[in-house]
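So for the sequence shown, our numbering puts the first residue at 1; every next one is plus one. Ideal Cβ placement from N, Cα and C applies to all residues, glycine included. Take a look at the structure below.
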Amino acid sequence: MPIYRTTDRIESKIKDGNQQIAYTKLHGCITKVAEEDLPLILTPEQYVSHKKGREKLFDRLEDQALSHPILFVGHSLNDSDVREVLLKVGNLTSSRPRCWALMYDFKDQHRTLWESKRISLIKGSFEDFINSLDEQTSEIEKNYERRSSSHPIESKFVSNDYSLTMETLRVMDNPLIFINQTMSLDE
């Protein structure tokens, strides 16, 4: 699920966390070229004002890096924005999760520098990366889907092969009295 601008509400865009992954497009998107308020960043001149309308995206990315592993996908370390974000993330704290940066090309000296900041550089294209993931993922892992409970009680009484019916879920939303043999007739 792409996140393009500061005003995009991630929580409302992601309907199923098991099926969707949010990804942030800091420099715009080819599918949004007609939007004048959020242009696709292509020229060096555009870098001067490119953060307008995207300020919170950059802040959110830094905030997310404190507690989540992040994969940065960029063209190269020549991109000043990529370097700036990686440096900020790299300097946050040593206890944050490791991050990765997928780049077409970089020098081996860069790998050592970024590794010291808990950022691993991966050489290649996004297509190569996805193909490699696909090859290294077993069929069992590909077909695995974590089932989320529709009602808290499901985690206690229902196996992963079954789920409560819609009618049962509707009834469970109302107060219930458990009628059993130990109850007195006066209750």
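Measure the alpha-carbon distance for K88 versus L164 and round it to whole angstroms.
47 Å
Three-state secondary structure (DSSP) at T31?
helix
Quick one: grab the DSSP three-state call for D108.
helix
Going by DSSP, what residue range makes up the alpha helix (DSSP H) through S132?
F126 to Q136
Per-residue burial, G124 [other beta carbons within 10 Å of its own, 16 or more giving buried]
exposed
Kindly give me the distance between the Cβ atoms of H75 and H50, rounded to whole angstroms, as I take these residues to be in contact under 8 Å.
Not a contact, Cβ separation roughly 15 Å.
Start and end of the beta strand (DSSP E) containing V73?
Unbroken beta strand (DSSP E) run through V73: L71 to V73.
Within 10 angstroms of the Cβ of K142, are there 16 or more other Cβ atoms? Answer buried if so, exposed if not.
exposed
Apply the 10 Å Cβ neighbour rule to L86 and answer buried if 16 or more other Cβ atoms are within range, or exposed otherwise.
Buried, since its Cβ has 16 or more Cβ neighbours within 10 Å.
Supposed close pair L102, I122 - CB separation, criterion 8 Å:
5 Å
If you draw a straight line from the C-alpha of S138 to the C-alpha of D128, how long is it?
18 Å
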